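Structure first, commentary second.
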Amino acid sequence: MANLTIKNVSVSMLAATVIGCTSYPDHGQGGLGEFASASDFSPVMPDEPMGPEHGLRFDFHLAKLHLDSLIQKGAEWCFPAAVVQAKTKENRIVRELEGQLLLDAANDIVIQRKNLAKLENQLDYVRSQASCVPPEHNAAFQNEVAVITELVELLNIDNQFAIDSIEINPKYMGHLAKATTLLNQYPNLNLRVTGHADVTGDAQYNDKLAMGRADQVKRYLTVFGLPPMRIQTLSVGDTLPLFEGESAATKLTNRRVSIDVVSTSSTGGNQ
Numbered sequence: 001m002a003n004l005t006i007k008n009v010s011v012s013m014l015a016a017t018v019i020g021c022t023s024y025p026d027h028g029q030g031g032l033g034e035f036a037s038a039s040d041f042s043p044v045m046p047d048e049p050m051g052p053e054h055g056l057r058f059d060f061h062l063a064k065l066h067l068d069s070l071i072q073k074g075a076e077w078c079f080p081a082a083v084v085q086a087k088t089k090e091n092r093i094v095r096e097l098e099g100q101l102l103l104d105a106a107n108d109i110v111i112q113r114k115n116l117a118k119l120e121n122q123l124d125y126v127r128s129q130a131s132c133v134p135p136e137h138n139a140a141f142q143n144e145v146a147v148i149t150e151l152v153e154l155l156n157i158d159n160q161f162a163i164d165s166i167e168i169n170p171k172y173m174g175h176l177a178k179a180t181t182l183l184n185q186y187p188n189l190n191l192r193v194t195g196h197a198d199v200t201g202d203a204q205y206n207d208k209l210a211m212g213r214a215d216q217v218k219r220y221l222t223v224f225g226l227p228p229m230r231i232q233t234l235s236v237g238d239t240l241p242l243f244e245g246e247s248a249a250t251k252l253t254n255r256r257v258s259i260d261v262v263s264t265s266s267t268g269g270n271q
């Protein structure tokens, strides 16, 4: 998702930026986080005084090594959707660290490490029953990975909901319709929809609001033609913000659903 650092701008420019903000630009137009490469990002900062960024870079490096080790064990063959989403998160953290967005990076590193621990447990169980090896029909597998990547991009954009509302932004509604068309071509791909709220309001209210947002997304996906049994919904209230802070732009981004793609195919394993 987009993370825009806005300084010394007029109120009108801020409003225009927030309204026009999306996580995924048009193809070929660059990116603000998810499309960055982490391959040349160094966790070492030898020429600078020690500070909080050093610790975050070290934590990021540990998470990166963890993901690399899971891939070496075959995670991308048994759990392709989880690996695609972990790589997306990894690239996002790189951009946050490079942009000195330390609170955001710290939050994403915590989420990444929790997801990797879950993936490791799933992988260990699957490997105790079978092998995670490249599928025989590799072209079909690569096509599935490309579809998963497209779905992740479609479904996890900014500016999904208005304040204190479960009503879906019309642009996001269009993304849900397009995603449904794709998903109906790949019946082995399901969705896990997690509702979120910003920090406004108490915990109980925010949990209910976040669940309403997840259920509303499920409702529209069903209206567009996706069978309801392929959609799992849950709420985490305001406990896992995408960004820390209480600015209008931050709250806008934190009012969201996060959607994971779950592959149940023989080539992709069970996730």
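125 is the number that UniProt numbering gives to position 125 of the sequence shown; each next residue is one higher, with no gaps.
For each residue, glycine too, the CB sits at the ideal point set by N, CA and C.
Predicted, not measured: the structure shown is a model, and the values here were computed from it.
(message) By the three-class DSSP mapping on this structure, what secondary structure does Leu102 have?
(response) Judged by DSSP in its simplified three-state form, Leu102 adopts helix.
(message) Classify Asp238: buried if its beta carbon has 16 or more other beta carbons within 10 angstroms, exposed otherwise.
(response) Answer is buried; the Cβ neighbour count reaches 16.
(message) So Ala106 and Leu56 are supposed to be a Cβ contact under 8 Å. How far apart are they, rounded?
(response) The Cβ separation is near 6 Å, so the contact holds.
(message) Tell me the rounded alpha-carbon separation between Asn143 and Val199.
(response) In this model, Asn143 and Val199 are separated by some 39 Å (Cα to Cα).
(message) Suppose only complete runs of 4+ residues qualify. What are the alpha helix (DSSP H) ranges in the stretch 66-127, listed by chain order?
(response) List check, alpha helix (DSSP H) in window: 75-78 and 80-98.
(request) Note the first and the last residue of the continuous alpha helix (DSSP H) segment covering Leu209. (result) It spans Ala203 to Val223 - the alpha helix (DSSP H) in which Leu209 sits, taken as one unbroken run.
(message) Please classify Gln204 as buried or exposed, where buried requires at least 16 other C-beta atoms within 10 Å of its C-beta.
(response) The residue is exposed, with fewer than 16 neighbouring Cβ atoms inside 10 Å.
(request) Report the three-state DSSP secondary structure of Asp238 (helix, strand or coil). (result) If DSSP states are grouped into helix, strand and coil, Asp238 belongs with coil.
(request) Could you name the residues of the same chain whose beta carbon sits closer than 8 Å to that of Ser69, not counting the 5 residues immediately before and after it, in chain order? (result) Counting only Cβ-Cβ distances below 8 Å, and skipping sequence neighbours, we find nothing.
(request) Quick one: grab the DSSP three-state call for Asn190. (result) Secondary structure of Asn190 (DSSP, three-state): strand.
(request) Report, in whole angstroms, the separation of the C-beta atoms of Ile157 and Leu189, which I expect to be a contact under 8 Å. (result) At roughly 19 Å, the Cβ-Cβ gap does not stay under 8 Å, so Ile157 and Leu189 are not in contact.
(message) With H, G and I counted as helix, E and B as strand and the rest as coil, what does DSSP make of Ile148?
(response) Reduced to three states, the DSSP call for Ile148 is helix.
(request) Report all residues from its chain with a CB closer than 7 Å to the CB of Lys218; omit the five preceding and five following residues, and keep chain order. (result) Cβ within range, chain order: Val193, Pro228, Ile231 and Thr233.
(request) Using three-state DSSP, classify Gly174 as helix, strand or coil. (result) Looking at Gly174 - three-state DSSP - the assignment turns out to be helix.
(request) Can you give me the Cβ contacts of Phe243 inside the same chain, cut-off strictly under 6 Å, excluding the 5 residues immediately before and after it? (result) If we look at Phe243 and ignore the five residues flanking it on each side, its Cβ neighbours are Asp104, Thr250 and Thr253.
(message) With distance defined between alpha-carbon atoms, name the residue in Gln112, Leu123, Gln72 and Arg92 nearest to Thr62.
(response) Sequence inspection shows Leu at residue 62; the Thr mentioned does not correspond to that position. It is Gln112.
(request) Measure the alpha-carbon distance for Ile71 versus Lys89 and round it to whole angstroms. (result) Those two C-alpha atoms are separated by around 15 Å.
(request) Measure from the alpha carbon of Ala139 to the alpha carbon of each residue in Val110, Asn121, Trp77 and Val94, then state which is nearest. (result) Of the candidates Val110, Asn121, Trp77 and Val94, the one whose C-alpha sits nearest the C-alpha of Ala139 is Trp77.
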